[in-house]
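Be aware that the sequence shown starts at 5, since it is given in the working numbering, and climbs by one per residue.
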Amino acid sequence: VESTRDAALDVAGVVPERSVAPEKMIGPYRFLKEIAATHFSRTFLVERDGVQYVIKAVNLQNVRSTETLKSELKKLQKAASHTPLVPKIIETVEFEDTYSQYFGIVEEKINGTSLLDMVEGKSAGEKKPFFPEDVQGFLQKAFQTLRELHQHGIYHLDLKPENIFVLPDGSIRFIDFGSSVMRKGVN
Numbered sequence: 005v006e007s008t009r010d011a012a013l014d015v016a017g018v019v020p021e022r023s024v025a026p027e028k029m030i031g032p033y034r035f036l037k038e039i040a041a042t043h044f045s046r047t048f049l050v051e052r053d054g055v056q057y058v059i060k061a062v063n064l065q066n067v068r069s070t071e072t073l074k075s076e077l078k079k080l081q082k083a084a085s086h087t088p089l090v091p092k093i094i095e096t097v098e099f100e101d102t103y104s105q106y107f108g109i110v111e112e113k114i115n116g117t118s119l120l121d122m123v124e125g126k127s128a129g130e131k132k133p134f135f136p137e138d139v140q141g142f143l144q145k146a147f148q149t150l151r152e153l154h155q156h157g158i159y160h161l162d163l164k165p166e167n168i169f170v171l172p173d174g175s176i177r178f179i180d181f182g183s184s185v186m187r188k189g190v191n
């Protein structure tokens, strides 16, 4: 079973995380590791010119129209230009492996810790209890961030602990806007 998984994850010469090969490339980006994988997409940590980025690679077999995908991406880019709450989109890359074609969205890497990692204790090395004041403060910041996104006409639609990041300054950022929708009339 493991060898089948490895073969299925061999995207554009990229190898699974446990056997990272720094010479593997996705377009001009050097592969560092795979962050996440679903049936619909895969997310990679990559590097170019000493700067780390994230590539969300959508399997085009699961997309009805690449034009729709590109149209939604343009709306998100426009929204991102109006608020720092949406990760900046750097560019897109298209690539393939023996099994599939992918459309990759290169985004800025958010330097923070996911709520999931915080709760599971992965960020500090050990699980720490959350006190009511901590939870209340975090929720206030998360709802404020969500309110600001909604004011810009952006509706995330996939909020879960792994998509909520706490930055070193304590502010909140959301990632993975793949399911998001935009209200008409966003400037």
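From the three backbone atoms N, C-alpha and C, an ideal C-beta is built for every residue, glycine too. For clarity, every value in this text was computed on a predicted model and none was experimentally measured.
State buried or exposed for residue i, treating a residue as buried only when at least 16 other CB atoms are found within 10 Å of its CB.
i	result
T42	exposed
R46	buried
G182	buried
E38	buried
Y33	buried
S85	exposed
D162	exposed
Y103	exposed
L80	buried
Can you name the start and end residues of the alpha helix (DSSP H) that residue i belongs to?
i	result
A141	With the sequence shown as reference, residue 141 is identified as Gly, and Ala is not the correct amino acid for it. Segment 136–155, the alpha helix (DSSP H) holding G141.
V123	119–124
Quick one: what does DSSP say residue i is sitting in, helix, strand or coil?
i	result
A89	In the sequence as presented, Ala is not what sits at residue 89; that position holds Leu. Coil at L89, not helix or strand.
L163	coil
K82	helix
T102	coil
K60	strand
T42	coil
Check for me: the beta strand (DSSP E) holding residue i runs from which residue to which?
i	result
V50	45–52
R177	176–178
Q65	Unbroken run through Q65: none, as it is neither H nor E.
G116	From DSSP, G116 is part of no beta strand (DSSP E); its letter is neither H nor E.
F181	F181 -> no beta strand (DSSP E), and no H or E assigned at all.
Measure from the C-beta of residue i to each C-beta in chain C and report whether the shortest distance is under 8 Å.
i	result
K92	No chain C is part of this structure, which consists of one protein chain only.
The stretch 117–128 in contact with the stretch 85–94 per 3-pair CB rule at 8 Å: The stretch 117–128 vs the stretch 85–94: no contact.
Three CB pairs or more closer than 8 Å across the stretch 95–111 and the stretch 61–75: Yes, they touch.
At least 3 beta-carbon pairs within less than 8 Å: the stretch 168–180 vs the stretch 131–151: Cβ pair count under 8 Å is three or more, so yes.
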